[in-house]
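Enquirer: Numbering (the UniProt record's numbering), first residue to last: 1 to 549.
Right under this line is the structure:
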């Protein structure tokens, strides 16, 4: 199938690019064909974020969006907590909080999945074709190594790769330009970065794992305060010298979003982000909001937080890498939706300029537009945040960020003259078990804390049982003979869905994958100490089915 533009991924970046392209198409009457494919069974099914949303890019894309807005709750009150122990916390004064972290009434608590559904409706009304349930398996290149489209996954293969009844071969989607908007650690984005050396001279990308739950209070519960935003740091991650943060947001209709973000540069192989999150909910500052409520949703997703120093070159022959597939999240704000949307808008303008000119240029000029945009300014201003936290810890790193964002601008209009980088990849950070303190996690009480199987059930995750395994272990020898004695095979703990377990059969051990449990969070692809596990897309439509996440 031939299109002018194919977009891989119906997240905020991909859908914003589609909408902007369609608007430019209508304004200039070029009759472009635009296609978006999405691996989730429906738009939003694989979308997960906190999320406090800054509507700056939405204002640009649809200036009148508030006439028929997506579901969102204005921020009404904000608290910053330093959790000092499992029982105590300090409420931080606003003067000590880096300015980018602060929300305001012009920001909103949202379900990012619902926002993407709203954007998809706008895109379709503008003539964009959206195909959910189709994952892009591979990239098409021409003889000159220019991207010319993608091929979707075969559907109806058994676990040995043989066609079953109802088999459907993948479809080649050809395009003049292909935009890759797969989200953090996209498997095609990873291939493109390596092929075109887009990260040459860049700091390694850094990631965190975000785990989120949705809870339901009775709407008349006096504890419910729509628009209340709580951000925190410290315990429980501080006990293992790990970094990250936590959040609790009050949405409308009695719903509460709560989550923990664990930086994936942690060093203790005994650490389990899932169990750290279960501990967090027992802290009095969080438990008072959740006790008596019903847990109705669970999910997890890795996020790219390296910032400007880790941002690869985003343009290459025949395509662009946009949004979190490149890593446009502003970690100093803990926000990436508005930056992903702006990235998509810039990409649409760059591609449209080439299509309109009929120059047939190999590379659409994204870079010059990016460097002239507020997106670049924002990422440049916050470029040191991740490096400061990784090098100095949450407290001292936060002090550095406060200096850069609150104090320095009052002294001079010039940017800070220093750069703080972290050149160590996340997967290389694990210590050996002999040098690490074991972590003993309490048993779930089924009131505030839960186990992985019951959590996974709430994610709605489903995969066809008899299909090829999409989690590829390169070497069982590496997993069992190296990672097991050195790290007690850490995949058993860093995976938030219980996918990996060491089992014994006929006297031999091997690393088993419960691939049908996979939440598509990509943590295994990031944190395995030898990069021994590779995530690839399963048959289209498989995976979580997030509702209001």
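Don't be surprised by glycine CBs; every beta carbon is placed ideally from N, CA and C.
Quick test of your reading: residue 318 and residue 152, contact by CB under 8 Å. State the CB separation rounded to the nearest angstrom.
Expert: Locating residue 318 in the chain shown gives position 318, where the first residue counts as 1. Locating residue 152 in the chain shown gives position 152, where the first residue counts as 1. Actually they are not in contact, since the Cβ atoms of residue 318 and residue 152 sit about 18 Å apart, beyond 8 Å.
Enquirer: Quick check: residue 370 and residue 202, are their CB atoms within less than 8 Å of each other?
Expert: By one-based count along the chain shown, residue 370 stands at place 370. By one-based count along the chain shown, residue 202 stands at place 202. Against a cut-off of 8 Å, the Cβ pair of residue 202 and residue 370 comes out as no contact.
Enquirer: Taking the alpha carbon of residue 129 as the reference point, which residue from 22, 297, 516 has its own alpha carbon closest?
Expert: By 1-based counting over the chain shown, the position of residue 129 is 129. That would be 22, whose Cα lies nearest to the Cα of residue 129.
Enquirer: Which value, in whole angstroms, describes the spacing of the CA atoms of residue 489 and residue 186?
Expert: By 1-based counting over the chain shown, the position of residue 489 is 489. By 1-based counting over the chain shown, the position of residue 186 is 186. Between residue 489 and residue 186, the C-alpha separation is close to 24 Å.
Enquirer: Along the chain, where does the alpha helix (DSSP H) containing residue 524 start, and where does it finish?
Expert: The residue labelled residue 524 in the question sits at position 524 within the chain shown. Where residue 524 is concerned, the enclosing alpha helix (DSSP H) stretches over 523-527.
Enquirer: Are the CB atoms of residue 312 and residue 326 within a distance shorter than 8 Å?
Expert: Here residue 326 refers to the residue found at position 326 of the chain shown. Here residue 312 refers to the residue found at position 312 of the chain shown. Cβ atoms of residue 326 and residue 312: closer than 8 Å.
Enquirer: Going residue by residue through the segment 315-396, where are the continuous beta strand (DSSP E) segments of at least 3 residues, counting only ones entirely within it?
Expert: 319-321
Enquirer: Any chance you could list the beta strand (DSSP E) runs of at least 3 consecutive residues sitting entirely within the segment 49-123, in chain order?
Expert: 72-74, 77-83, 89-91, 108-110
Enquirer: Shortest alpha-carbon distance to residue 284 belongs to which of 339, 269, 83?
Expert: Taking the first residue of the chain shown as 1, we reach residue 284 at position 284. When only C-alpha atoms are compared, the closest one is 83.
Enquirer: Closest to residue 264 by CA distance: which of 332, 273, 256, 34 is it?
Expert: Counted from its first residue, the chain shown places residue 264 at position 264. Checking every option, the nearest Cα to that of residue 264 belongs to 273.
Enquirer: Going by beta-carbon coordinates alone, are residue 404 and residue 395 separated by less than 8 Å?
Expert: The residue given as residue 404 occupies position 404 in the chain shown. The residue given as residue 395 occupies position 395 in the chain shown. Contact: no.
Enquirer: On the DSSP letters alone, give me the boundaries of the alpha helix (DSSP H) that residue 132 sits inside.
Expert: Position 132 of the chain shown, counting from 1, holds the residue named residue 132. No alpha helix (DSSP H) holds residue 132; the beta strand (DSSP E) holding it covers 129-132.
Enquirer: Got a sec? Which residues, its chain only, sit under 6 Å from residue 38 by beta carbon, not counting five neighbours each side?
Expert: Here residue 38 refers to the residue found at position 38 of the chain shown. So the list reads 10, 132, once near-sequence residues are dropped.
Enquirer: Exposed or buried, residue 12, counting other C-beta atoms within 10 Å across all chains shown (16 or more means buried)?
Expert: As a working note, residue 12 is residue 12 in the chain shown. Its Cβ being crowded by 16 or more others within 10 Å, residue 12 is buried.
Enquirer: Thinking C-beta only, is residue 117 closer than 8 Å to residue 230?
Expert: Here residue 230 is taken as the residue at index 230 of the chain shown, counted from 1. Here residue 117 is taken as the residue at index 117 of the chain shown, counted from 1. No, Cβ-Cβ distance for residue 230 and residue 117 is not below 8 Å.
Enquirer: Please name the residue in 96, 155, 102, 188 whose C-alpha comes closest to that of residue 141.
Expert: Locating residue 141 in the chain shown gives position 141, counting from the first residue. Out of 96, 155, 102, 188, 188 has the C-alpha closest to the C-alpha of residue 141.
Enquirer: For residue 536 and residue 137, what's the separation of their Cα atoms in angstroms?
Expert: Residue 536 sits at position 536 when you count from the first residue of the chain shown. Residue 137 sits at position 137 when you count from the first residue of the chain shown. So the two alpha carbons sit approximately 8 Å from each other.
Enquirer: Beta-carbon separation of residue 332 and residue 413 under 8 Å?
Expert: Counted from its first residue, the chain shown places residue 332 at position 332. Counted from its first residue, the chain shown places residue 413 at position 413. No, they are not a contact pair.
Enquirer: Who does residue 505 pair with in a DSSP beta bridge?
Expert: For the purposes of this step, residue 505 is identified with residue 505 of the chain shown, where counting begins at 1. For residue 505, which the question treats as bridged, DSSP gives the partners 508.
Enquirer: Take every Cβ of the segment 334-341, pair it with every Cβ of the segment 191-200, and state whether three or more of those distances are shorter than 8 Å.
Expert: no
Enquirer: What span of residues does the alpha helix (DSSP H) with residue 291 cover, start to end?
Expert: As a position in the chain shown, residue 291 is number 291, starting the count at 1. First-last for residue 291: undefined, no H or E at that position.
Enquirer: Going by C-alpha to C-alpha distance, which of 208, 515, 507 sits closest to residue 544?
Expert: Position 544 of the chain shown, counted from the start, is the residue given in the question as residue 544. The residue among 208, 515, 507 with its C-alpha nearest the C-alpha of residue 544 is 515.
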